[in-house]
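Numbering (our numbering), first residue to last: 465 to 590. C-beta: ideal position from N, C-alpha, C; glycine also. Reading through the structure tokens given below for one structure.
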């Protein structure tokens, strides 16, 4: 499917595309995922508004991610410990960046960006 907001998307347990982000002066290729149970569900207006919000405020959202990681994980090197994998847009328009944790491969973290900026475990978020 080609979305005017998301671009070219493929359905695989949600609509997926790729994008590039930069955190801690490192570039990462991440999956953009618009949550959907079935292909016929399409993309909601809230999800489209959320991706526009992220695009319009990308630099400040990513700076917020860096600040949260440095604050919550000040004892280690968050820039080396966490690897961004997925930018997930929920059906209601909330969105978050999901990270793998190199120190705990079974449990990643999620930096929620909208409606509230905070860090939670992937188990808690998903």
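Residue 553: not part of any alpha helix (DSSP H); member of the beta strand (DSSP E) spanning 546–553, first to last residue.
Spanning the alpha carbons of residue 532 and residue 504 requires a straight line of approximately 36 Å. For residue 518, no beta strand (DSSP E) run applies; the uninterrupted alpha helix (DSSP H) run containing it begins and ends at 509–520, by DSSP. Inclusion of residue 484 and residue 491 in the CB contact set at 8 Å is warranted, their separation being smaller than that value. Counting along the chain, the unbroken beta strand (DSSP E) around residue 565 starts and ends at 559–565.
Residue 484 sits in a strand when the DSSP states are folded into three classes. Taking the Cα of residue 552 as reference, the smallest distance to any Cα among 562, 543 and 545 is reached at 562. For residue 492, the enclosing beta strand (DSSP E) starts and ends at 490–498. Annotated three-state conformation of residue 577 is strand, per DSSP.
Taking the CA atoms as reference points, residue 543 sits about 12 Å from residue 527. If you check the CB distance, residue 509 and residue 478 do not come in under 8 Å.
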